[in-house]
Amino acid sequence: MTQSTVQSIEALTQTALDELDSIDDADSLEQWRVRFLGRRGELTGILRGLSQLDLEERRQVGALGNQAKSGLEEALDRRSQEISQARLAQVADLERIDVTLPGRPVATGRLHPTTQVVREITDAFVAMGFSIVEGPEVEWDHYNFEMLNIPQGHPARDMWNTLWVDYVNEEGQRPMLLRTHTSPMQARVMEQVQPPVRVVVPGKCYRYEATDATHEWHFYQVEGLAVDEGITFADLKGTLYEFARRLFGSERKVRFRCDYFPFVEPGVDMSIDCFACDGSDNSCRICRGSGWIEIMGAGMVHPQVLAGVGYDTEKYTGFAFGLGPERIAMLKYGIDDIRHFYSNDLRFLRQF
Amino acid sequence: MQVPLSWLREYVDIDLPPHELAHRLTMAGVEVGEVTEFGGWENCCVGLVLEVNPHPNADSLQLCRVSPGDGSEMEVVCGAPNVAAGQKICFARVGARLYNTHSERHETLKAARIRGVVSEGMICSELELGLGEAHEGIVVLPEDAPLGTPLDDYLGDTTLDLEVTPNRLDCFSVLGVAHEIGALTGKPVRVPDVSYSEAGPPIAGEASVSVADPDLCHRYTASLIQGIKIGPSPQWLQDRLTRAGLRPISNVVDVTNYVMLEFNQPLHAFDLDKVRDKTVIVRRAAPGETLETLDGTPRELNTEVLVIADSRDPIGLGGVIGGANSEIGPETTSVLLESATFNSFNNRRTADTFRLHTDASQRFEKGLRPELAPIALRRATQLIQEVAGGTIAQGIYDIYPDADKPSPAVPLTLRRLKQILGMDVTLEQVEEVFRSLEFATERTGESSLEVAVPYWRSDINIEEDLIEEVVRIIGYDNVPTTMLSTPIPYRQPAPMTELRGRVKEVLASVGLQETISYPLISLEDLEKVNHGAGDHSPLRVANPMSSDSDYLRPTLLSSLLNTLSYNEGHNEGPFRFFEQGRVFLPRSNQLPNEREVASGIVAGLRSEPSWLVDNGPLDFFDVKGMLTSALVFLGIAPQWEPLPSPEAPALHPGRCARIMCDGNQIGVLGEIHPTVADNFDLKHRPATLFELYLDDLLALPEKSGRNFRSLTRFPAANRDVALLVADDVPAGRVQEILARHRLVERVELFDVYEGQNLEGGVKSLAFHVYFQSPDRTLTAEEVNRTLDGLLRTLQRDTGATLRDQ
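Read top to bottom, the protein sequences are chains A and B. Residue numbers for the first sequence follow our numbering, beginning at 1 and rising by one. Residue numbers for the second sequence follow our numbering, beginning at 1001 and rising by one.
Structural data, given as structure tokens:
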């Protein structure tokens, strides 16, 4: 009995190992495991029969059986690893997908290029301690012109062709307009707070103007104002230089030339050196061969403007500046026609 | 303003190449837009016509013998009627490149046989040389033109096209620009001599001049030249005017224009014989008076208009334009010449009233200095005599009530200079700047000056104006570059700016493309979106640029629909747009209420064509999903309620909702009304639209819907319930009742069914209901009891029954 049991264990082990060698997939391996090592498997069946043996025999055969079992289990692990390794070696071929197929579409929206550039501009100034304020798009003549040292009948009014609102007040005047710049907030802010003042004013502006590739009747402006004791033209230069470097790169140079805006004195215009050609291309489309690109107007706040809001002009000085985000966007992205901005053609908007 | 360098050189030496000069002027604030060069006339020189004979074979042509000044003689065929022996002319040899008036191109001149005679060159017209438009006759040069000189050297020129800012009135004149160049280059300026001899009778006996309204005419000067002869101006004068962009008319008128360009002072010449009683009165127009102005238009005057009148009628609009009744004509022999200073404000208003913005008014409105008037008067008087002959009456009229007022002097301290510029400048440097500008200075202390402003500058009134002069002459590069060192002010909170920024970002992140459109629209646009007639009529623009944009929009809807319709024209979609902008709601006697709105429109297929996705049209629930995500991101838990259709006439009456938060409406959502979709010819239906009112969002209590709940460690129990309700019961109501129980953690609607196996008018709603407690594991019995209670409540409030029963 013992002898035959021992023989059948040995024979079974041999059969199992032989069969294991020819197995090369996970399913067959599992069948093999169930057949030889499972709860109702052949080896288990043999070992279960041990209960009819006497103690000594049971010990001997049991030890042999357990040895055979762990031997088979080891062989199974080994084979299993061999099979999975063999499979892994082939997985690239077996499970390959075409990764060039388009992905499952997820809707994407983008911000309008003007929004993006306005944000870039205001971020640069916020980093230098400026706060963002905004004002009404429909304004009084008082704030749009008079408080900015552009009284009624001033010839400089021709610089801002104005869209007037059809409203006549009791004095028979037409004092309401679509703001021609965001500068009215200069006076509105200073009426509210005492120095120090450091604000930037982004927003929409309107002019009665024929449109062409570089002119729009509806556009954005970012106006800036800094007023305190001891603010100088040198600070204006430094602040705007820092701005230019943040937007156009640290290697940029700036240049100032005299210009006129009634609410500043002295007034200047700031240019940056051409980032497209570095001044080396006489036919450069960006700078038209001059090597310089005008990007904003600026100046020291006119004492009349400070006096108008009740500031002590002997004590306080300041600077103001204004620039057009569309122009900046056109320069940065090489857009050739400002009319693209507000015609809302998806083919344009999707590029940003 | 076009300024020829040849003219400038009469007053100031210029060594700089034209482009360098243009750059220096531009940097100093006198922007040069363009530099135009005349010349490049190779093989052309000053020639002399020796002899003119008829052409043997053609009546209209002549055969000229021309000397080009090198001892040779050339035979030239010429068709110009004005050619004559003894003239100095512009002679082009074979090989010259000229404008061919027949082919209308620049071509190289070849020897040609014209009607049997070989022409060895050409006598040129203005057009052929590119000097002007005339080509009827040849250009006749002054007698003293040096024979044989290359034409480039004699006629070549460069014109600076100046873009003058309104403050720099001085640079509307050649002398003003010369002064500027003198200051920038350190060269002295030669101002023309304005003296002449007065051989005629005293002016007072020949004409009477008076000013009745000195508030509108600060200074009036006049001279008289008698016995003149009207005719064309000499060539040099015509050339100068042409080069500066004006058309020559006749000698006297040309002189007035010339002196205006030279000194900046507009002048007017009256034919004294046409002035009734030889009396000139400067006064306001009387009620009902009229004047036919030089442009042939009769004008009705009002009492705010300043006129120059004779003893009875107006003969000119002071400082704007002359009257036809006193115009200089071929028969004129006596010229009363006016050089005056008019009130700039009144002048501008008159020019505006009659839409007559003339060369004269554009100068007067900017405020010419009264000191200039007599100087320019004498210059013009001198030149009229030079080009039109006659004798000059003794003396001038000079009516100048404020003559005793001292010339303006502006103080300047080094302290202020440093306060503004942020740099030290010495008194000597400052004096040097003003010397170059020809401003007289006087020291008033160790670090202060008083500066007298010369008569050609009217833009220097305060200390800061002087500081600008200093910095623009010493150069902006010489000012240090410093960062702001003053304290950073308290950062004003800008909640709306921040909210707008976040709304834009989150709408983009749920797949919407931002657009920005014009805020001016038409009434028709509003009608197309059924904008309620009961609402306030929108604000109108008084001077719209076109009839389709004359109202300030009270809604973004029509803008979005136009954007969609426009893009449907060249795009397959999907279309997902939003716009964030202001709408304008009128208020009486106040600025309008500008409300911040974010609106979106969505139409087309759910996604781009894809090999993966089963596609269908974007609908209400797509947009509701987007908005829910967006609002949750903003920290807002939205609720949705059916919206009564009169409140949103642009939306489909059965498919629109109001978006609520804590009992406040924050927006609307709905499908576009079919008729509105038709009005915009929309190809893609349905189109779904939403509006979010940012002012209302901002007004919500802070952190609404954001309270931390501790994470429970006790398991949730799930029950699926299918309920039958009448189909007009909103699913949201059922869900809300289920969700509000304290042991219900969340409720998911997973199926809505109507149709087969159900009675008509009934729908089935199936929910996953999750029960959970923060402090214990719920027993099955507890869960069942809770659910039973909920079902009873549902039955009572909505009539819902369990589907299985």
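Don't be surprised by glycine CBs; every beta carbon is placed ideally from N, CA and C.
The DSSP-derived three-state label of residue 97(A) is coil. Shown here for residue 1731(B): same chain residues with a beta carbon closer than 8 Å to its own, the five before and five after excluded, namely 1749, 1752, 1765 in chain order. The Cβ of residue 1570(B) sits closer than 9 Å to at least one Cβ of chain A. Judged by pairs of C-beta atoms under 8 Å, the segment 239-247 of chain A does not touch the segment 1492-1511 of chain B, as fewer than three such pairs exist. Contact between the segment 1338-1350 of chain B and the segment 1302-1322 of chain B is established, with three or more Cβ pairs separated by less than 8 Å.
Distance check between residue 1283(B) and each of 1443(B), 1304(B), 1575(B) places 1304(B) closest, using alpha-carbon atoms only.
Interface flag for residue 1321(B) against chain A is unset, since no Cβ pair is found closer than 9 Å.
Between the segment 22-33 of chain A and the segment 49-59 of chain A, the count of C-beta pairs closer than 8 Å stays below three; the two stretches do not touch. The criterion of a C-beta distance shorter than 9 Å is satisfied by residue 1420(B) and residue 266(A). The continuous alpha helix (DSSP H) containing residue 1792(B) extends over residues 1780-1798. Contact of residue 1543(B) with chain A is assigned, a C-beta pair being separated by under 9 Å.
Taking 9 Å as the cut-off, the Cβ atoms of residue 272(A) and residue 202(A) do not count as close. Taken through DSSP and simplified to helix, strand or coil, residue 1275(B) comes out as coil. Residue 1594(B) is bridged by DSSP to 1584(B).
Non-local beta-carbon contacts of residue 1060(B) in its own chain, meaning distances under 8 Å to residues more than five positions away in sequence, involve 1079 in chain order.
Judged by DSSP in its simplified three-state form, residue 1001(B) adopts coil rather than helix or strand. Chain-order list of chain A residues neighbouring residue 1517(B): 342, 344, by C-beta distance under 8 Å. The continuous alpha helix (DSSP H) containing residue 1182(B) extends over residues 1174-1185. Each residue's CA atom was taken as its position, placing residue 1653(B) and residue 1673(B) some 7 Å apart. Within the segment 116-140 of chain A, the residues whose Cβ lies closer than 8 Å to some Cβ of chain B are 119, 128, 129, 131, 132, 133, 134, 136, 137, 138, 139, 140, listed in chain order.
In the DSSP assignment, residue 36(A) falls within the alpha helix (DSSP H) that extends over 26-37.
Rounded to the nearest whole angstrom, the C-alpha separation of residue 1489(B) and residue 190(A) is 13 Å. Taken atom to atom, the span from the alpha-carbon of residue 1141(B) to that of residue 1314(B) is near 41 Å. Close partners of residue 1365(B) in chain A (Cβ separation under 7 Å): 155. Neighbours of residue 231(A) in chain B, taken as residues whose beta carbon is under 8 Å from its own, are 1484, 1486 in chain order.
Here DSSP, grouped into helix, strand and coil, assigns residue 1418(B) to helix.
With 16 or more neighbouring CB atoms inside 10 Å of its own CB, residue 1299(B) falls in the buried class. The beta carbon of residue 1585(B) sits closer than 7 Å to those of 1536, 1554, 1592, 1593, 1595, all from its chain and outside the five residues before and after it, given in chain order. Contact note: residue 242(A) reaches chain B through 1483, using a C-beta cutoff of 8 Å and chain order. Going by DSSP, residue 204(A) is part of no alpha helix (DSSP H) but of the beta strand (DSSP E) stretching over 197-206. In the three-state scheme derived from DSSP, where H, G and I count as helix and E and B as strand, residue 1059(B) is classed as strand.
Residues of chain A with a Cβ closer than 9 Å to the Cβ of residue 1509(B) are, in chain order, 108, 109. When DSSP reads this structure, residue 307(A) sits in no beta bridge, so it has no partner. DSSP places residue 143(A) outside any beta strand (DSSP E); the residue lies instead in the alpha helix (DSSP H), whose first and last residues are 141-144. The distance from the Cβ of residue 1333(B) to that of residue 1227(B) is about 6 Å, consistent with a contact at the 8 Å cut-off.
When the alpha-carbon of residue 90(A) is set against those of 11(A), 25(A), 313(A), 47(A), the nearest one is in 25(A).
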